[in-house]
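Scroll down for the structure; my scribbles are underneath it.
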Amino acid sequence: MLDPKRIRNELIQVAEQLKTRGFTLDVAQIEALETQRKEWQVKAQDLQALRNSRSKEIGKAKAQGQDVAPLLAEIENLKSELEQAELKATQVQGQLEEVLAGVPNTPHESVPVGKSEEDNVEIRRWGTPPSFDFAVKDHVDLAEARGWYDNDAAVRITSSRFSVLKGPLARLQRALIQFMLDQHAAAGYQEVYVPFMVNQDSLRGTGQLPKFEADLYKISKNSEHDTQDRDLYLIPTAEVPVTNLYREQIVDESELPIQLVAHTPCFRSEAGSYGRDTRGLIRQHQFEKVELVQLVQPENSYAALEALTAQAELILQKLALPYRVMALCTGDMGFSSAKTYDLEVWLPGQQAYREISSCSNFEDFQARRLLARFRIGNAKPQLLHTLNGSGLAVGRTLVAILENYQNADGVITVPEALRPYLGGAESL
RNA sequence: GGAGACGUGGCCGAGAGGCUGAAGGCACACCCCUGCUAAGGGUGCAUAGGGUUUGUAGCUCUAUCGAGGGUUCGAAUCCCUCCGUCUCCGCCA
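Here numbering that gives the first Met the number 0 is used: the first residue of the first sequence is 0, the next is one more, and so on.
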């Protein structure tokens, strides 16, 4: 979430910035709530202070054996007044927080202004799309022809948008995961293994809740006696558990930058995407992803974004997959992001570049909710900047390899970098 | 899953309705002293939020002793619910 102080002091400027991403900040509403907040909070705190001092006097009087009845009578009325002020204060605070929780991050000044995908800006291209002297197939046709992909079985076992991979394709996926983790570890990212289910606080921390509940799979865990909501959610990305490793933590400056990598399955309900990418492995409810996460000092976060993006690119380069880097425009960026680069890989089956990684700098937007902080010496803790990026989406990498490395006879050439992970096999 | 014990600041550990935001110790920071890397003395040392303010300075207020609720003029201390940790039993990979 945004800094409430900034919203208070620079409301108009913030509203302007948010406008570029197509978000209208209800300035009047916030001003009204803010006025009320101040009024009730001050009143409640004043009454609390009064109660505290009176209570202390009673304590002292009692200790000295004096009659406390007059003092008690004096604060008799205070109680209901205080209760009302406290109630009002928490109500207004709650409303204000609800509004603020729905406000997206403000874009970095370097982000191109635009309305949609169309306005994203290509930063660079790497590699050349391969040319084929035969009719190319898409990954579904390629995989089905070899008996590696069974959509019907997945539907029977679970439902649509799940998949069953068999034999060499399943093994290729495992090889890719291993390969990616090894590459990132070699670059200094610490590998972590994390839970695939998370609680609501974690999702709030990274910004998936409260706004995007519909995209998540929920596991009911509440019992009837629970006073708090204990439902768990399947992670939509490793970003959630990994970044939350530092929720409510204060790390020493010497531990920075923190660079982590995790492989997890990801679960997305894909609500609202009916009819899009229904064929094959592009858009699934469950998919494998290797995720890079960094927590850094604020002044380093934009350099870290470049480095993290380059690290994700490295995988594509080692696999010799053609791609381009897109700077997302203000209108296309995710809720929590201040700046995002998408990596788009060339898919011959679609004759198009498709997203395979998304690398974002969230600045302190997530850290504020998370209370993820660092400290220099004995100074006051400061909010970290958080970043993450896919390195890469494994399912889509699988698609890219099948399609880019296909041969006329349906055999798939194994990218050289991957051969050590497949017992030296040159083709599948 | 059953039985019991316990959750206090970066750590250890007092406190058992008021004078406790919290003794004492360790760690840490700064200063003093000390003729070697050791010891001693002093000071400081939680987090968040609000008000005031040009101010992330100062002053001041509020909240926080696992979490939430309750009793009370007043709760770290009493009651309830939940979560977690430990020990024993059961079960299991």
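Glycine included, C-beta positions come from ideal geometry on N, C-alpha and C.
As the structure is a computational prediction, the values presented were derived from the model and not from experiment.
Integer Cβ distance of residue i from residue j, believed to fall under 8 Å
i: Ser300; j: Glu362; result: 6 Å
i: Gly348; j: Lys217; result: That pair is no contact at about 34 Å.
i: Leu46; j: Leu81; result: 4 Å
i: Gln296; j: Phe373; result: 7 Å
i: Pro256; j: Leu304; result: Their Cβ separation, rounded to whole angstroms, is 12 Å, which puts Pro256 and Leu304 out of contact at 8 Å.
i: Ala337; j: Thr105; result: 7 Å
i: Leu383; j: Ala366; result: 5 Å
Euclidean distance between Cα positions of residue i and residue j
i: His262; j: Gly388; result: 12 Å
i: Ala100; j: Glu121; result: 31 Å
i: Arg246; j: Lys18; result: 30 Å
i: Val102; j: Leu1; result: 8 Å
i: Leu32; j: Ile74; result: 30 Å
i: Val241; j: Leu259; result: 8 Å
i: Arg20; j: Cys265; result: 27 Å
i: Leu369; j: Thr339; result: 20 Å
i: Ile156; j: Asp149; result: 11 Å
i: Glu425; j: Gly166; result: 16 Å
i: Pro3; j: Gln350; result: 46 Å
i: Gly409; j: Leu141; result: 6 Å
i: Arg50; j: Leu77; result: 8 Å
i: Ile29; j: Leu95; result: 7 Å
i: Leu313; j: Ala416; result: 12 Å
i: Trp39; j: Val26; result: 20 Å
i: Ile57; j: Gln63; result: 10 Å
i: Arg53; j: Lys37; result: 24 Å
i: Tyr273; j: Leu86; result: 44 Å
i: Val154; j: Gln285; result: 13 Å
i: Ala311; j: Thr34; result: 46 Å
i: Pro69; j: Leu244; result: 54 Å
i: Glu252; j: Gln182; result: 26 Å
i: Ile6; j: Pro235; result: 29 Å
i: Ala43; j: Ala309; result: 52 Å
i: Val41; j: Lys55; result: 21 Å
Buried or exposed by the 16-neighbour rule on C-beta atoms within 10 Å, applied to residue i
i: Thr89; result: exposed
i: Leu71; result: exposed
i: Ile375; result: exposed
i: Ala184; result: exposed
i: Val239; result: buried
i: Ser130; result: exposed
i: Ala270; result: exposed
i: Thr277; result: exposed
i: Gly93; result: exposed
i: Thr385; result: buried
Simplified DSSP state of residue i, which is helix, strand or coil
i: Ser54; result: helix
i: Phe266; result: strand
i: Arg367; result: helix
i: Asp251; result: strand
i: Leu70; result: helix
i: His138; result: helix
i: Thr396; result: helix
i: Ala351; result: strand
i: Ala306; result: helix
i: Asn360; result: strand
i: Ser272; result: coil
i: Ala237; result: coil
i: Phe178; result: helix
i: His183; result: helix
i: Val41; result: helix
i: Arg282; result: coil
i: Leu171; result: helix
i: Asp200; result: helix
i: Tyr192; result: coil
i: Ile375; result: coil
i: Val289; result: strand
i: Thr19; result: coil
Check: residue i C-beta below 7 Å from any heavy atom of the ligand GTP
i: Pro128; result: With respect to small molecules bound, the structure shown includes none, and the ligand GTP cannot be examined in it.
Examine the Cβ distances between the stretch 320-334 and the stretch 110-119 and report whether three or more of them are shorter than 8 Å. With the cut-off at 8 Å, the stretch 320-334 and the stretch 110-119 touch.
Can at least three beta-carbon pairs, one atom from the stretch 281-290 and one from the stretch 385-400, be found at a separation below 8 Å? Yes, the stretch 281-290 is in contact with the stretch 385-400.
Any 3 or more C-beta pairs closer than 8 Å across the stretch 309-328 and the stretch 394-401: yes
Could you tell me whether the stretch 171-179 touches the stretch 419-426, where touching means 3 or more Cβ pairs closer than 8 Å? Judged by Cβ distances under 8 Å, the stretch 171-179 makes contact with the stretch 419-426, as three or more pairs qualify.
For the 8 Å Cβ check, are there 3 or more pairs between the stretch 192-209 and the stretch 278-288? No contact exists between the stretch 192-209 and the stretch 278-288.
Could you tell me whether the stretch 352-367 touches the stretch 150-168, using the rule of 3 or more Cβ pairs below 8 Å? no
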